[in-house]
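Asks: The structure's right below; bear with me while I get my questions together.
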Amino acid sequence: MNNYKKQLEEFLSLTVKEQASDLHISVGHPPVLRIAGRLVPLLKKKKLSSKDTRGLAEVLLGEDLFQK
-6 MNNYKKQLEE
4 FLSLTVKEQA
14 SDLHISVGHP
24 PVLRIAGRLV
34 PLLKKKKLSS
44 KDTRGLAEVL
54 LGEDLFQK
């Protein structure tokens, strides 16, 4: 789970750095930022698997909320 926490922190740092309003996480796609209304995929990042998105969601929500 620490790897997912580090990955989420990296994605969120990029979101702030690029002044994006949204970070989109979706299975089978790299993370996508919404910058000035446009969707910009982070093509240098790998496509996310279902395991990746699940791990990121668990870090974001915390264990208790994730279990619900």
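For the sequence shown, counting from 1, position 46 maps to 39 in the numbering used here; every step adds exactly one. Built from N, CA and C at the ideal position, the CB exists for glycine as well.
Just the Cα atoms here: how many angstroms apart are L58 and A50?
Replies: Answer to the nearest angstrom: the Cα atoms are 10 Å apart.
Asks: Got a sec? Which residues, its chain only, sit under 8 Å from V52 by beta carbon, not counting five neighbours each side?
Replies: Same-chain partners within the cutoff: M(-6), Y(-3), K(-2) and L1.
Asks: If I measure Cβ to Cβ from V33 and keep anything under 6 Å in the same chain, skipping five residues before and after, which residues do I get?
Replies: Closer than 6 Å at the Cβ level, and outside the excluded window around V33, lie L26.
Asks: Which residue's Cα is closest to the Cα of K38: R31, G30, G21 and I28?
Replies: For the residues R31, G30, G21 and I28, the minimum Cα distance to K38 belongs to G21.
Asks: Out of E3, E56, T8 and F4, which one is the CA nearest neighbour of A29?
Replies: Closest option to A29, Cα to Cα, is T8.
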